[in-house]
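From first to last, the protein sequence lines are chains A and B. Read in order, the letters of the first sequence correspond to residues 18 to 282 in our numbering. Read in order, the letters of the second sequence correspond to residues 10 to 282 in our numbering. Every residue, glycine too, gets a C-beta built ideally from N, C-alpha and C. So the structure is just underneath, and the comments pick up after that.
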Amino acid sequence: MTALSIKRLWKEYGDQVVLENLNLEVKDNEFITVVGASGCGKTTFLRMLLGEERPTRGTFLIDGEPLPAEPGPDRGIVFQRYSVFPHLTVRDNVLLGLELEQAPLIGRLFGTKRRAALERVDEMLHAVGMYEARAKYPAQLSGGMQQRLSIAQSVIKNPKILLLDEPFAALDPGLSADMHILILDLWQRHKMNIFMITHDIKEGFELGTRLLVFDKVRLDVQAPNAYGATITYDIPLGISGKKLLDELTETTRRTERFVDKLAAA
Amino acid sequence: MPRLINLRPGRAGALLLGALPFLATVIVYLVASHARLADNPNDKLLPAFGSFAQSIHEFAAEPDQRTGQVLLWLDTQASLTRLGLGLAFSAGLGLIFGIITGVLPYLRAGLAPFIATLSLIPPLAMLPVLFIVFGMGELSKVVLIVIGVSPFLMRDLALRVGEIPGEQIIKAQTLGASSWTLILRVVLPQLLPRLLDALRLSLGAAWLFLIAAEAIAAEAGLGYRIFLLRRYLAMDVILPYVAWITLLAFALDWSFRLANRWLFPWYQGGKNA
């Protein structure tokens, strides 16, 4: 069963081509890391997965169904920042997803239903190592703790797909190593597809089962917008070596430099 | 010698500096009042503090001979009731229209230009219309406050909705929120402390509209009283009334600030949680 099927997909804004001729098949329970230079359509791809953007041409199927036109509970998201609710405590932040699902009219649970939901919440908080901080507000937490919270919030919904948009980019290197262990653990236990966008090619290699590189194939100074990015490498992980890492670093840097040169001109 | 921008007063120094303008005002008043009263003991413009005490006692402690009521409390109650009703209705309207125009693009497209236009009508220019339509009673005074304050609240709160990061709105949708539960659980609770802030800012305008409406037609009220006594040049009552209104305004502002800190600890960065 394929979880995701993309065929001949194009995304254009006016005459600016962002993505061209994208093809991708994803099976169940994959952990895909997405790397690439800035402006190579990684974020556009993620926004399409969320349902915030529509493809211009081509097919984009999730579980054989066309992509829904708006974000929904089957696709969780963790952004780099701002994806927890500042007015709710840690516990209420995680509880919210269950309340919205079980009480569609008022978005709040009471009595035994609430107690049952809170048991699940506390279990999740233990799993992400945040139980001790359960009564705190997000503003009282460090950046790493806020990202843990945001992950817990999404994972408790058991999404089919979890999208991570540079979730650890703002964290200290030591912290992101802890977060890698956490996310791998959650991925194995909850059986979901993960798409993680990252700037850090090394991180892309360390995590996951498959690495996608988004890059522009043609760099044309005369018409920089005429050619979009596509998937230039699709690598199953576990077999790759240092030579490949160097090659990928070089090709994305080349595009990065091209984009910088254009911006400077 | 360090730069002036780097010289800071201590705690006691700051308190003393803050008290200085108040002291200076009292001293200037006392000197001027003394000089005028020495010229003409019947002068009404700058009464001595003794006459203030006497009229405060008369208005705040003794029942009025004609009505049998203590006028200061009667006036305070009438004014605060109008102000409270006006602010409460404005807050309700501000929240409802602020949220729907902030969250729902179709309603924003339909209502935002109209609200922006409404907010440009000078409310005092509408006062005669209100008196004609709603009569000279309580309703027109409350409505004046509402039309004066609520368009500002609506626009301000719609802007505050826009300040909620888009990431949060998307996250809520991936957690299963509908438009309605998104408003109920994500937008509304985050707007309440901002509503209190906006109400604090509109307190000055609310008092202005209240006193203006009372000055023209009322049977009781702080604004009514000072405009009534103006005919008799009764500065010995008017000035204490103005001081009392200032004190009430200050107390309201302060209680709003306190309420915000107590009710919404997360709004201050969760410091009080």
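Residue i at chain B interface by Cβ criterion, 9 Å
{"i": "I256 (chain A)", "result": "At I256 (chain A) the pLDDT is 49, less than 50, meaning the model places this residue with poor confidence; the figure from the coordinates comes in the next sentence. Not one chain B Cβ lies under 9 Å of I256 (chain A)."}
{"i": "H104 (chain A)", "result": "yes"}
{"i": "A156 (chain A)", "result": "yes"}
{"i": "G114 (chain A)", "result": "yes"}
{"i": "S167 (chain A)", "result": "yes"}
Beta-carbon neighbours of residue i, restricted to chain A and to distances below 8 Å
{"i": "T183 (chain B)", "result": "L67, P88, G89, P90, R92, G93, I94, S171, K174 and P176"}
{"i": "A186 (chain B)", "result": "L117 and G124"}
{"i": "W263 (chain B)", "result": "Chain A residues near W263 (chain B): none, gap ~24 Å exceeds 8 Å."}
Residues that residue i contacts on chain B, provided the C-beta gap is smaller than 8 Å
{"i": "I123 (chain A)", "result": "T190 and L193"}
{"i": "G58 (chain A)", "result": "Residues of chain B passing the Cβ test: none, with the nearest at roughly 19 Å."}
{"i": "G161 (chain A)", "result": "By Cβ distance, chain B contributes nothing, its closest Cβ being about 17 Å from G161 (chain A), past 8 Å."}
Backbone secondary structure at residue i - three-state DSSP
{"i": "P83 (chain A)", "result": "strand"}
{"i": "R227 (chain A)", "result": "strand"}
{"i": "V138 (chain B)", "result": "helix"}
{"i": "E176 (chain B)", "result": "helix"}
{"i": "V79 (chain B)", "result": "coil"}
{"i": "E47 (chain A)", "result": "coil"}
{"i": "D232 (chain A)", "result": "strand"}
{"i": "G53 (chain A)", "result": "strand"}
{"i": "R151 (chain A)", "result": "coil"}
{"i": "R271 (chain A)", "result": "helix"}
{"i": "D52 (chain B)", "result": "coil"}
{"i": "S193 (chain A)", "result": "helix"}
{"i": "F22 (chain A)", "result": "Reading off the sequence shown, one finds Ser at residue 22 (chain A), where the question assumed Phe. S22 (chain A) falls in the strand class under three-state DSSP."}
{"i": "Y1 (chain B)", "result": "Here chain B comprises residues numbered 10 to 282, so residue 1 (chain B) is not present and cannot be evaluated."}
{"i": "I256 (chain A)", "result": "Because I256 (chain A) carries a pLDDT of 49, less than 50, the predicted location of this residue cannot be relied on, and the following value inherits that uncertainty. Reduced to three states, the DSSP call for I256 (chain A) is coil."}
{"i": "E67 (chain B)", "result": "helix"}
{"i": "E228 (chain B)", "result": "coil"}
Range of the contiguous beta strand (DSSP E) that encloses residue i
{"i": "E223 (chain B)", "result": "No beta strand (DSSP E) holds E223 (chain B); the alpha helix (DSSP H) holding it covers L197 to I225."}
{"i": "T249 (chain A)", "result": "A246 to P253"}
{"i": "E42 (chain A)", "result": "Q33 to K44"}
{"i": "I173 (chain A)", "result": "First-last for I173 (chain A): undefined, no H or E at that position."}
{"i": "D182 (chain A)", "result": "I178 to D182"}
{"i": "F286 (chain A)", "result": "An answer regarding residue 286 (chain A) cannot be provided, because it is not within the stretch 18 to 282 covered by chain A."}
Any C-beta of chain A under 9 Å from that of residue i
{"i": "W271 (chain B)", "result": "no"}
{"i": "I124 (chain B)", "result": "no"}
{"i": "K53 (chain B)", "result": "no"}
{"i": "P114 (chain B)", "result": "no"}
{"i": "K150 (chain B)", "result": "no"}
{"i": "P137 (chain B)", "result": "no"}
Min CB distance residue i to chain E below 9 Å
{"i": "L188 (chain A)", "result": "No chain E is part of this structure, whose protein chains are labelled A and B."}
9 Å Cβ cut-off: residues of chain A touching residue i
{"i": "P198 (chain B)", "result": "F102, H104 and L105"}
Per-residue contacts from residue i into chain B (C-beta, under 7 Å)
{"i": "Y99 (chain A)", "result": "P174, E176 and Q177"}
The alpha helix (DSSP H) enclosing residue i, as first and last residue numbers
{"i": "M3 (chain B)", "result": "Look at the range of chain B in this structure, 10 to 282, and you will see that residue 3 (chain B) is not part of it."}
{"i": "M10 (chain B)", "result": "Unbroken run through M10 (chain B): none, as it is neither H nor E."}
{"i": "L133 (chain B)", "result": "That residue, L133 (chain B), is in no alpha helix (DSSP H); it is neither H nor E in DSSP."}
{"i": "L116 (chain B)", "result": "P114 to L127"}
{"i": "L191 (chain B)", "result": "S188 to L191"}
Listed by chain order, chain A residues near residue i by CB distance under 7 Å
{"i": "W275 (chain B)", "result": "P103, H104, Y154 and A156"}
My parser needs the alpha helix (DSSP H) runs of 4 or more residues fully inside the segment 58-140 of chain A; what are they? 59-67 and 107-119
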